[in-house]
Each structure stands twice: as C-alpha cells, then as structure tokens.
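Only one structure is covered here, and it is reproduced in the block below.
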Amino acid sequence: MESYLLLLHECDEYAPLSPEEMQAVFARYRAWSQKLRDAGRILGSNKLEDGTGRVLRSGSGKLHITDGPFTETKDVLGGYFLVTAESYEDAVELCHDCPHLDFGAIEVRRIQKV
460 MESYLLLLHE CDEYAPLSPE EMQAVFARYR AWSQKLRDAG RILGSNKLED
510 GTGRVLRSGS GKLHITDGPF TETKDVLGGY FLVTAESYED AVELCHDCPH
560 LDFGAIEVRR IQKV
C-alpha cells in the first residue's frame with residue numbers, strides 16, 4: 460500500500476448552515492472517518508485552523524513572510540487526511556462517500572517516497 464494525501468479544499472457553503480445542520484455535517488464526517496479508521500486506512504488527519512498561517516517566499520536574497528492564507532480567496536485548504544491505498548483509483552474510491560464533497564473539493568495526491 461502507498462500513502463495518499465486527501466486535501467480538503469473549502470468553499471463558503473457552510474455559511475448558511477444552522478448550528479443543528481453543522482452538527483449533522485460533523486456527525487457525517489465522524490462516521491466517514493471512523494469507517495476508514497476501523498479499516499486501518501487513516502494514517503493521520505486534521506482540520507486546519509481558519510484564517511491563520513503564514514506564507515513564505517524567497518526573493519532578492521530575502522525571506523518574505525506574509526499573513527495568510529486569506530479566506531477571501533476562492534481556494535482555501537481546510538484540512539487533510541493521510542490515508543493508505545493500493546492506487547489512485549483506490550484512494551479516489553475512499554472519497555466517494557466523504558461528506559466534504561457536498562461543500563468543497565478533495566484533491567488526491569500520492570506521497571512520493573524520497
């Protein structure tokens with residue numbers, strides 16, 4: 460098995476949800492991730508803190524640090540799952556019933572061994 464990173468890209472669809480609806484969404488996430496944990500497929504996962512972080516760039520021989528990422532941008536990385544899968548197809552199959560697909564996109568990337 461190889462390792463794959465499932466990057467959860469967020470959109471603003473959560474905004475109109477009531478607290479009760481949000482709890483229902485969280486319950487679906489917990490059930491989905493527990494199913495993968497029970498199957499031994501999750502190596503790690505976390506939600507990224509909203510509106511915090513730093514972006515580092517190098518230019519003119521200096522390190523430039525800016526606050527970010529900015530949630531005003533269209534594509535915000537909201538979290539990740541590190542999973543095991545036999546292939547890209549297998550990793551994609553793990554995502555088919557992920558509740559995140561109702562609110563955003565999932566980017567699947569194989570971890571390259573170096």
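Residue 460 is where the sequence shown starts when you use my numbering, and the numbers rise one by one after that. All C-beta atoms, glycine included, are put in the ideal place defined by N, C-alpha and C.
If you follow the alpha helix (DSSP H) that residue i is part of, which residue opens it and which one closes it?
i	result
aspartate 549	547-554
alanine 490	478-497
Spatial neighbours of residue i within its chain, please: C-beta separation below 8 Å, excluding the five flanking residues on both sides.
i	result
tryptophan 491	Asp556, Cys557 and Pro558
isoleucine 565	Leu465, Leu466, Leu467, His468, Cys554, Cys557 and His559
phenylalanine 540	Leu464, Leu465, Leu467, Ser492, Leu495, Ile501, Gly503 and Ser504
threonine 511	none
By the DSSP assignment, the beta strand (DSSP E) with residue i in it spans what residues?
i	result
aspartate 526	521-526
glutamate 508	Here glutamate 508 belongs to no beta strand (DSSP E), and DSSP marks it neither H nor E.
arginine 569	564-569
valine 535	535-544
leucine 464	461-469
How many whole angstroms separate the CB atoms of residue i and residue j, which I take to be in contact at a CB cut-off of 8 Å?
i	j	result
glutamate 479	alanine 544	Not quite, the Cβ-Cβ distance comes to about 34 Å (not below 8 Å), so this is no contact.
Sorted by chain position, which residues of the same chain lie with C-beta nearer than 6 Å to residue i's C-beta, five sequence neighbours on each side aside?
i	result
arginine 516	His523
Since residue i sits in a beta bridge, which residues does DSSP pair it with?
i	result
valine 514	Thr525
In chain order, what residues of the same chain lie with their CB nearer than 7 Å to the CB of residue i, ignoring the 5 residues before and after it?
i	result
arginine 569	Glu461, Tyr463 and Tyr547
lysine 506	Gly537 and Gly538
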